[in-house]
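Novice: The following block contains the structure, expressed as structure tokens.
In the numbering used here, the protein residues as written are 596 to 767.
Written out as structure tokens, the structure reads:
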């Protein structure tokens, strides 16, 4: 376990100290702040539903439900269970990263509906950027973000498989 903790701390130091620069000092707190994402997310949801019609509405609803469930499980079950301290000494538990879990849940669930390589790349780029920002700002250890990404991806996979069973296979 000491090797794991040492590797986690070394990667945290690499990201938050060695790779530190003025541009990221400005950008990463914005990327990490949930409030920064409200307008872009609402605009993307509106565009999804407007341009995607039924497919867009389905994508929005599956994504929304996946993120709500992922957020609730991570925040109300897993964080209290693990009680890992944050690198910055914040008050709430660190593992898993809800930001990473939610963004990867959204990325994977939206990728199910939009198979275009550009769209998928954008979804995952944003998820990785948010995860990176959480480590850069010392809000999480790298393993918190990796754990959150894995958990969010598993919940999204479950959601899209359930959606496929309920709505796609019934139309055959």
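No residue lacks a Cβ here, since even glycine has one placed at the ideal position from N, Cα and C.
#1: So, residue 628 versus residue 737, is the Cβ gap smaller than 8 Å?
#2: Alpha carbon to alpha carbon, what distance is there between residue 722 and residue 728?
#3: Could you check where the alpha helix (DSSP H) with residue 665 kicks off and where it finishes?
#4: Would you be able to state if there are at least three C-beta pairs under 8 Å between the stretch 694-712 and the stretch 650-658?
#5: Specify the secondary structure class of residue 679 as computed by DSSP and reduced to three states.
#6: Identify which residue in 682, 669 and 685 has its Cα closest to the Cα of residue 698.
#7: Could you compute how far the alpha carbon of residue 637 sits from the alpha carbon of residue 667?
#8: Got a sec, what are the start and stop residues for the alpha helix (DSSP H) residue 628 sits in?
#9: Sort 733, 742, 760 and 756 by Cα distance to residue 614 and report the nearest one.
#10: Give me the Cα-Cα distance between residue 622 and residue 740, rounded to the nearest whole angstrom.
Specialist: According to the structure data:
#1: Taking the first residue of the chain shown as position 1, residue 628 is located at position 33. Taking the first residue of the chain shown as position 1, residue 737 is located at position 142. Against a cut-off of 8 Å, the Cβ pair of residue 737 and residue 628 comes out as no contact.
#2: In the chain shown, the residue the question calls residue 728 occupies position 133. In the chain shown, the residue the question calls residue 722 occupies position 127. Roughly 10 Å separates the two Cα atoms.
#3: As a first step, residue 665 must be located in the chain shown, where it is residue number 70. Unbroken alpha helix (DSSP H) run through residue 665: 633-668.
#4: Taking one beta carbon from each stretch, the stretch 650-658 and the stretch 694-712 have 3 or more pairs nearer than 8 Å; the two touch.
#5: Taking the first residue of the chain shown as position 1, residue 679 is located at position 84. Correct three-state label for residue 679: coil.
#6: Sequence index remark: in the chain shown, residue 698 carries index 103 (1-based). Residue 698 has its Cα closest to that of 669, out of 682, 669 and 685.
#7: Start at 1 with the first residue of the chain shown, and residue 637 comes out as number 42. Start at 1 with the first residue of the chain shown, and residue 667 comes out as number 72. Their backbone Cα atoms lie some 21 Å apart in a straight line.
#8: Your numbering for residue 628 matches position 33 in the chain shown. Neither: residue 628 is in no alpha helix (DSSP H) and is coded neither H nor E.
#9: If you number the chain shown from 1, residue 614 lands on position 19. It is 733.
#10: Counting from one through the chain shown, the residue named residue 622 turns up at place 27. Counting from one through the chain shown, the residue named residue 740 turns up at place 145. Rounded to whole angstroms, residue 622 to residue 740 spans 18 Å at the Cα level.
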